DNA sequence: GGTTTCGTGGAGGTCAAGATCGGCGTGCAA
DNA sequence: TTGCACGCCGATCTTGACCTCCACGAAACC
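Following this line, the structure appears as C-alpha cells:
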C-alpha cells in the first residue's frame with residue numbers, strides 16, 4: 001500500500017521552477033522525437049520526467065504549447081546555425097560547404113530535434129505549419145541574398161534556387177543519417193553534397209551547356 | 001467549384017461495388033489531402049461521398065487501410081513517372097530536365113496526391129514510413145544508376161548525390177506550388193532548377209575548384 | 001519544535017472519433 | 001401483385017487521451 005519509502009533517484013525531489021521546466025522540456029523532446037506529436041502522451045512525458053501530470057500542466061497550458069516551445073527552439077537553432085555559416089566567410093564556395101555542414105551537424109546532433117522541424121506530424125496545425133515553413137523560408141532567404149547579389153537573378157528565381165539548395169541539404173542529410181553507414185562519415189557526405197551544390201550554383205547566371 | 005462535373009452523387013442511389021469503391025477512394029483522397037490523416041474524420045469522408053459510415057467500413061477494414069490504399073497509388077505514380085522520365089532519353093542533360101518536370105507535374109497535378117507522400121502526418125506508422133522512404137529510395141536508385149554509370153563513384157556516394165537531387169526537386173516543387181506566383185510558370189521554374197541540378201551533376205567526378 | 005504553506009500524487013471527468021447493430025426501401029422473380 | 005433479398009442509413013458503444021480535484025508530505029518561518 002505505501003509507496004517505496006526509500007527515495008527514488010528523482011521521484012519526489014523538489015526542484016526550482018526553471019530547473020523543473022528545463023527537465024520537462026528535455027523529457028518532452030525525447031518523447032516527441034521518438035513518437036511524434038500524436039503518439040506522444042502527456043502521461044509518457046510526465047513519467048519520463050519523474051513527475052505527475054498536474055506538474056506538467058502547471059508549467060505549460062497544454063500539449064500544443066509544450067510542443068510549440070520545443071519547435072521554436074529547434075527552428076531558431078537551425079536558422080541561426082545556417083545564418084552563422086553564411087556569415088562565416090566571404091568565399092562563396094566555403095559558404096556552401098559551411099552551410100551544408102551546418103545542416104548535417106544539426107541533423108546528426110541536437111538529440112534529433114530536426115525531427116520536430118522536418119518530420120513533424122502536426123503540419124495541419126497552422127501554428128506549426130507557419131513555423132516549419134518559416135525555417136525553409138528564412139534559410140532560403142539568407143541563401144538567396146548571396147545568390148542574387150552575385151548572379152543578378154530576380155528575387156523569385158534566386159529564391160527557387162535557394163530553396164532547392166536547402167532541400168538538397170535537408171533531404172540528403174536525413175537520408176545519410178537514416179542509412180547509418182559508418183564507412184561514410186558525416187564530413188565526407190557533407191563535402192560531397194556541398195561540391196554538388198557549389199558546382200550547380202557557381203557561375204549563375206551563365207547559361208552555357 | 002466542385003471537381004466532379006458529371007457524377008451525380010445522389011443520396012440513396014445504389015452503385016455497383018467497384019464504382020462505389022472508386023468514389024469512396026476519390027472522396028477519401030480529397031479529405032486526406034485537405035486535412036491530413038489525423039484531422040480527417042471517417043464521417044467527413046462518408047459525407048463527402050454521399051454515403052454513411054457503415055458503407056465505408058464495408059469497403060475498407062479501417063481508416064489506416066483506406067489511407068494505405070491511396071498512399072500506394074500515389075507512390076506508384078511518382079515512381080513510375082520518374083522512371084519513365086529517366087528512360088525517355090539517353091542525353092543526361094535532357095534526362096535531368098525530364099525528371100525535374102516529372103516532379104513538378106506530379107506536384108502541380110494529381111489532385112494534390114503528392115501531399116500523401118511528401119507531407120504525410122503518419123510517418124510514425126511503420127507501414128507509412130516504409131512506403132514513403134521507398135519512394136525516395138526508388139527514385140534515387142534510378143537516378144543513382146545513371147550517375148554511377150557515368151561518374152565512377154561508389155554506390156553510397158552516388159546514392160547520396162541522387163537523394164540530393166531528388167530532395168532538390170521535391171522541396172523546390174512544393175515551394176513553387178505554395179508560392180503560387182502566376183508570373184513564374186511551372187515550366188520556367190522546373191527548367192531553372194533543372195539547370196541547377198545539371199550544372200551540379202555534370203562532369204562528376206571532376207574535383208576542380 | 002510547531003504551524004503554515006505550497007507543491008506533488010493518484011484517481012476521475014469529459015469529449016471526440018473510430019467502429020458497429022436494428023429498421024427501411026428498392027428491385028427482381030414467381 | 002407479392003414475397004424476398006440485399007444494401008443502405010440513423011443511432012449507439014467503446015476506447016483512449018487530454019485535462020483537473022482531494023489527501024499527503026516536506027520545507028520554511030517564528
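Residue numbers (full-length UniProt numbering), protein chains in the order written: chain P, 1 to 209; chain U, 1 to 209. Here a beta-carbon is modelled for each residue, glycine too, at the ideal position from N, C-alpha and C. Because the structure is a prediction, the values reported are computed rather than measured.
Looking from the CA of residue 31 of chain P, the closest CA among P/38, P/23, P/45, P/24 belongs to P/45. Within the segment 144-157 of chain U, those residues whose Cβ lies closer than 8 Å to any Cβ of chain P are, in chain order, 156, 157. In this structure, DSSP gives residue 204 of chain P a state outside helix and strand, which the three-state scheme calls coil. Boundaries cannot be given for residue 153 of chain P, as no alpha helix (DSSP H) includes it and DSSP labels it neither H nor E.
The DSSP-derived three-state label of residue 60 of chain U is coil.
Every alpha helix (DSSP H) of 4 residues or more that sits fully in the segment 124-184 of chain P is shown, in chain order, as 126-151, 155-179. When DSSP states are grouped into helix, strand and coil, residue 77 of chain U belongs to the helix group. Residue 201 of chain U has a beta carbon lying within less than 8 Å of a beta carbon in chain P.
Per DSSP, the unbroken alpha helix (DSSP H) holding residue 94 of chain P starts and ends at 92-108.
In this structure, the alpha-carbon of residue 182 of chain P lies about 51 Å from that of residue 19 of chain U. Rounded to the nearest whole angstrom, the CA to CA distance from residue 91 of chain U to residue 82 of chain P is 36 Å.
Where residue 14 of chain P is concerned, there is no enclosing alpha helix (DSSP H), because DSSP gives it neither an H nor an E. Within chain U, the residues placing a beta-carbon under 9 Å from that of residue 121 of chain P are 36, 37, 38, 120, 121, 122, 123, 124, ordered along the chain. Remark: C-beta atoms of residue 71 of chain U and residue 161 of chain P do not approach each other more closely than 8 Å. In the DSSP assignment, residue 121 of chain U falls outside any alpha helix (DSSP H) and carries neither an H nor an E. Here DSSP, grouped into helix, strand and coil, assigns residue 195 of chain U to helix. Distance from the CA of residue 113 of chain P to the CA of residue 75 of chain P, rounded to the nearest whole angstrom, comes to 9 Å. For residue 43 of chain P, no chain U residue has a C-beta closer than 7 Å to its own C-beta; the minimum C-beta separation is roughly 17 Å. Around residue 63 of chain P, the same chain offers 42 as residues with beta carbons nearer than 7 Å, after the five sequence neighbours per side are excluded. A check of alpha carbon separations from residue 120 of chain P across P/36, P/57, P/140, P/163 identifies P/36 as the nearest. Contacts between residue 136 of chain U and chain P, judged by CB atoms closer than 8 Å, involve 171, 175 in chain order. In this structure, the alpha-carbon of residue 148 of chain U lies about 15 Å from that of residue 138 of chain U.
Residue range 42-49 is occupied by the alpha helix (DSSP H) that includes residue 46 of chain P. Closest in C-alpha terms to residue 184 of chain U, from the list P/159, P/55, P/87, comes P/159. Nearest in C-alpha terms to residue 117 of chain U, of all of U/38, U/134, U/101, U/105, is U/134.
Between the alpha carbons of residue 194 of chain U and residue 166 of chain U lies a distance of about 11 Å. With respect to chain P, the C-beta atom of residue 91 of chain U has no partner C-beta closer than 8 Å. For residue 19 of chain U, the three-state secondary structure derived from DSSP is helix. About 6 Å separates the CB atoms of residue 174 of chain U and residue 107 of chain U; that is less than 8 Å, so the two are in contact.
Contact of residue 132 of chain P with chain U is not assigned, every C-beta pair being separated by 8 Å or more. Residue burial annotation: residue 89 of chain P is exposed, with fewer than 16 other C-beta atoms found within 10 angstroms of its C-beta.
Excluding the 5 residues flanking it on each side, residue 48 of chain U has same chain C-beta neighbours closer than 7 Å at 27, 30, 31, in chain order.
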